[in-house]
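Numbered by the UniProt record's numbering, the letters in the sequence shown go through residues 1 to 308 in order. Here a beta-carbon is modelled for each residue, glycine too, at the ideal position from N, C-alpha and C. See structure below.
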Amino acid sequence: MKSKHVAVLLGGFSSERPVSLSSGKACADELEKEGYRVTRVDVGRDVGSVLAELRPDVAFNALHGPFGEDGTIQGVLEYLGVPYTHSGVLASALAMNKEQAKRVARSVGVPVAESKVASRFAIQNKHPMKPPYVVKPVNEGSSFGVVIVHEGQSHPPQVIGSSEWKYGDTVMVERYIHGRELTCAVMGDVALGVCEIIPTGHSFYDYDSKYVAGGSKHECPAKVSPNIYQKIQTLALKAHQAIGCRGVSRSDFRYDDRHSENGEVVWLEVNTQPGMTPTSLVPEIAAQAGHSFGDLLSWMVEDASCLR
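Written out as structure tokens, the structure reads:
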């Protein structure tokens, strides 16, 4: 029923506001082309009363970062009884907490990197594990606050303990996995294609690699052996289901093939609110699988529900 009224939730007040504005605009424009009645909602603290007045048929969640993908806005939408896209309250909160998500993924046989959670102040003077390792905020997206500590580095990076750090006092320290950056989108109960991300001029897939035009090269489909390709699809779907994700998600992996073709495949995290910008991966992967951007978004709107 293309006459549905869709409220596209965008912007918000997390550090990922610019990405959300870009995602939201792209989605709103495309949904209008698909024939939906679209209202763009730049989300503020009054979003509950705004949506109660609007009374949309569906909320298309194009928010990123805390509040948008950690179960909070999902709880507001449940309270209001507005069907919404993507994952529900529990899966969103679980996926946003990287360490807890890894525990669930590991419990169903998905290989994850050794890691530990610590206070950033406790690790500012002494390595928490032998380098190389990665320090990540426990509850951030878009690679905000990710610091790589290289082999031979004599002490942890000073920024972690400094007053400039704005990503919370709890961090996850994770063994650094050498190798290639691979990602796999899941749509409903189907794992779509696998894509390789090759950062251009960046040491890893950081914020600029993700959202600045030309920041990374996407090899879709990824040039890996069929058994590795299928293995990543299987693991992505397994993680999506174990964490309880709904709608569209994207799992990120590292694949270390330096010593053999079978190598080591390690799951890093699942993103329950993957970007929908012009440079984003999920629309590109979906297109490879035969779903146009309009088809993908229409499917998401029709898939929307409460109690997800």
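7 Å Cβ shell around residue i - same chain, five flanking residues per side excluded
| i | result |
| --- | --- |
| Ala122 | none |
| Asp42 | Leu10 and Gly11 |
| Ser92 | Glu69, Asp70, Gly71, Gln74 and Thr272 |
| Lys217 | Ile198 and Thr200 |
| residue 334 | Nothing can be reported for residue 334: it is not among the residues displayed for the chain, which extend from 1 to 308. |
| Val173 | Ser115, Lys116, Ala118, Ile123, Pro128, Met129, Tyr133 and Val135 |
Buried versus exposed call for residue i [16 or more other C-beta atoms within 10 Å across all chains shown]
| i | result |
| --- | --- |
| Val171 | buried |
| Lys223 | exposed |
| Tyr79 | exposed |
| Ile232 | buried |
| Arg180 | buried |
| Arg112 | It should be pointed out that residue 112 corresponds to Val in this sequence rather than to Arg. The residue is buried, with at least 16 neighbouring Cβ atoms inside 10 Å. |
| Ile198 | exposed |
| Gly24 | buried |
| Tyr207 | Because Tyr207 carries a pLDDT of 42, less than 50, the predicted location of this residue cannot be relied on, and no value is offered for it. |
| Val82 | buried |
| Gly28 | The residue asked about is misnamed: residue 28 is Ala in this sequence, not Gly. Classification for Ala28: buried. |
| Ser22 | buried |
| Arg40 | buried |
| Ala239 | buried |
| Asn262 | exposed |
| Ala52 | exposed |
| Val58 | buried |
| Ser260 | exposed |
| Lys98 | buried |
| Asn227 | exposed |
| His5 | exposed |
| Glu164 | exposed |
| Val149 | buried |
Sequence-distant residues of its chain with Cβ nearer than 6 Å to residue i (five each side left out)
| i | result |
| --- | --- |
| Thr85 | Phe60, Asn61, Gly247, Met300 and Ala304 |
| Val146 | Lys136 |
| Glu151 | Pro131 and Pro132 |
| Leu296 | Ala286 |
| Arg45 | none |
| residue 311 | Since the displayed the chain opens at 1 and closes at 308, residue 311 lies outside it and no answer follows. |
| Arg17 | Gly11 |
| Glu34 | Gly294 and Ser298 |
Chain-order list of residues whose beta-carbon lies under 8 Å from that of residue i (same chain, five-residue window excluded)
| i | result |
| --- | --- |
| Val89 | Gly71, Gln74, Gly75, Glu78 and Arg308 |
| Arg106 | Val112 |
| Lys126 | His155 and Pro156 |
| Val190 | Leu237 |
Beta-carbon separation (whole angstroms), residue i vs residue j, contact threshold 8 Å
| i | j | result |
| --- | --- | --- |
| Cys195 | Leu281 | 6 Å |
| Arg250 | Cys184 | 7 Å |
Quiz item: Are three or more beta carbon pairs between the region 240-258 and the region 63-78 nearer than 8 Å?
Solution: no
Check your understanding: When the Cβ atoms of the region 123-141 are set against those of the region 292-305, are three or more pairs found closer than 8 Å?
Key -> no
Quiz item: Which ranges would you report for the beta strand (DSSP E) in the region 102-167 if only whole runs of at least 3 residues count?
Solution: 115-119, 133-137 and 147-149
Item to check | Continuous beta strand (DSSP E) assignments of at least 3 residues falling wholly in the region 262-292 | outcome: 264-271
Threshold first: 3 residues or longer. Then list the beta strand (DSSP E) segments lying entirely within the region 11-90, N to C.
37-42 and 58-61
| message | Within 8 Å, do at least three Cβ pairs link the region 102-119 to the region 154-162? | response | no
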